[in-house]
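A short write-up of the structure that comes next.
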Amino acid sequence: MAKLSLFERRRRRVRTALRNRAGGKPRLSVHRTGKHIYAQIIDDAAGKTVAAASTLGASGSGANVDAAQKVGKDIAAAAKKAGVTTVVFDRGGFLFHGRVKALADAAREGGLEF
1 MAKLSLFERR RRRVRTALRN RAGGKPRLSV HRTGKHIYAQ IIDDAAGKTV
51 AAASTLGASG SGANVDAAQK VGKDIAAAAK KAGVTTVVFD RGGFLFHGRV
101 KALADAAREG GLEF
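What follows is the structure in structure tokens.
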């Protein structure tokens, strides 16, 4: 088996820790690229995506901190609409800094608990 990249090792470590302490809660998964940022609330027990938000539909928003805050507020609103209030935060292999932190803080302000 080929050696895993540092990013992939970090992602696996984070996901393993989440599985151990999730306790059946849905997971708020974050993915970021150079152009966009995406967030999904996933129910792993059912294998379904409960809610999703991203910067794809917004024109001219890009992938800056302001756009991440908007996605955080959007995902919190979509979660409330779907009846989800408590999640576990899955940052993947991304460091909890900058855009990822801005999205998490905005989701907390929007009413999600994690």
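Its first residue numbered 1, the sequence shown is counted upward by one per residue in UniProt numbering. Every residue gets a Cβ at the ideal spot worked out from N, C-alpha and C, and that includes glycine. From a predicted model like this one, the values you see are computed outputs, not experimental measurements.
Under a 10 Å Cβ-count criterion, Arg12 is classified as exposed, with fewer than 16 other Cβ atoms of the shown protein chains found around its own Cβ. His36 is positioned such that its CB atom lies no closer than 8 Å to that of Leu18. The beta carbons of Ile41 and Val84 sit about 6 Å from each other, so the pair counts as a contact at 8 Å.
Here Glu109 is not near Thr86, since their CB atoms are 8 Å or more apart. Of the candidates Gly111, Ala102, Val88, Gly92, the residue whose Cα lies closest to the Cα of Phe7 is Gly92. When secondary structure is reduced to three states using DSSP, Thr33 falls in the coil class, being assigned neither helix nor strand.
Distance from the Cα of Phe96 is smallest, within the candidate group Val30, Lys48, Lys25, for Val30. Residue range 48 to 54 is occupied by the beta strand (DSSP E) that includes Val50. Rounded to the nearest whole angstrom, the C-alpha separation of Gly23 and Thr16 is 13 Å.
Leu28 has Ile41, Phe89 as its beta-bridge partners, per DSSP.
The C-beta of Arg99 has 16 or more other C-beta atoms within 10 Å across all chains shown, which makes the residue buried.
Approximately 24 Å separates the beta-carbon atoms of Leu103 and Ala45; this is outside 8 Å, ruling out the contact.
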